[in-house]
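All remarks here apply to the structure that follows.
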Amino acid sequence: MSRIIAIANQKGGVGKTTTAINLSSCLASFGKKVLSVDLDPQGNMSSGLGVDKDDVEYSVYDLIIGNAEIEKCICENVIENVDVLPSNINLSAAEIELIGVDNKEYIIKNEVDRVRDNYDYIIIDCPPALSMLTINAMTTADSVLVPIQCEYYALEGLSQLIHTIELVQERLNPSLTIEGVVFTMYDARTNLSLQVVENVKDNLEQTIYKTIIPRNIRLAEAPSYGMPINLYDPRSAGAESYMLLAEEVIHKGEED
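Set out below in structure tokens:
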């Protein structure tokens, strides 16, 4: 049975898409079959995995408006063991298209359920907003993984996100859980990073992954080459961290 993990935080710039790209690729390097679903109109997850988002025949937008079924929209084996359901700027119109549509919260879920058994993991990159696209991700997912940047305002907005997850649990997807929190952009040279980690641990009753993703120049460079970090520079600190995170995610699934 596959696991569907939505990667969400309504704050932008927290390493959400970086985590979606690299977790997908690192899970695949452990021999897991992965579908990466890009629900962000910016399409950065698609391009970060090597898909030319503006040249795809069908995208997740076509899926939402009923223009194409999921099988037509998936780009297969973009890298070994990773298929991508791509997104581009067209998706920004989806919110308007969905006004008045019945069961609009379940459009992605109903399509993903058709191919779910083909994969070990389905990783969904959410937009940096609590929109109908994010709600669709949460009705589809089994769990939500929350990247938190190691900076002063890290906890701001987190309670809002947790509240949203709880509302989705109550009303739309009772089996949704919080997968856990992963710290990103950790800078060992600053006391602030350490303080943020301690602060979140003290204030948050959530699973916190042991792996902490460092600030790493190679991680920042990799997307411009359309490559995940474990292919771009497998020896970098960023690649090592995401491989460790993938291992943790796999083990957590086995324990559950």
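Per the working numbering, the sequence shown starts with residue 101, numbered consecutively.
Where is the CB? At the ideal position from N, CA and C, for every residue including glycine.
Residue environment, residue i, which counts as buried when at least 16 other CB atoms sit within 10 Å
i: Val178; result: buried
i: Glu274; result: Looking at the sequence itself, residue 274 is Pro, so the reference to Glu does not match. Burial call: exposed.
i: Lys310; result: exposed
Residue i (DSSP reduced to helix, strand or coil)
i: Gln249; result: strand
i: Lys310; result: strand
i: Val268; result: helix
Residue j beta carbon less than 8 Å from that of residue i
i: Ile164; j: Ile207; result: yes
i: Ala108; j: Met145; result: no
i: Lys133; j: Asp220; result: yes
i: Asp213; j: Thr117; result: no
i: Ala322; j: Tyr332; result: yes
i: Val137; j: Ile223; result: yes
i: Leu261; j: Val246; result: yes
i: Ala194; j: Leu233; result: yes
i: Pro141; j: Pro227; result: yes
i: Val327; j: Gly131; result: Per the sequence shown, the amino acid found at residue 327 is Met instead of Val. In this structure, Gly131 does not lie closer than 8 Å to Met327 by Cβ.
i: Ile329; j: Phe283; result: no
i: Val160; j: Pro186; result: yes
i: Leu344; j: Val300; result: no
Unbroken alpha helix (DSSP H) run spanning residue i, endpoints
i: Val160; result: 160–164
i: Asn236; result: 232–240
Beta strand (DSSP E) segment containing residue i, residue limits
i: Arg103; result: 103–107
i: Met285; result: 277–286
i: Ile218; result: The question names Ile, yet the displayed sequence has Asn at residue 218. Per DSSP, Asn218 belongs to no beta strand (DSSP E) and is neither H nor E.
Nearest candidate by alpha-carbon position, reference residue i, set the options
i: Glu359; options: Cys126, Lys172, Pro328; result: No information on residue 359 is available, as it lies outside the stretch 101 to 356 that the chain covers here.
i: Arg335; options: Ile350, Ser324, Arg318; result: Arg318
i: Asp202; options: Arg103, Asp162, Asn181, Gly166; result: Gly166
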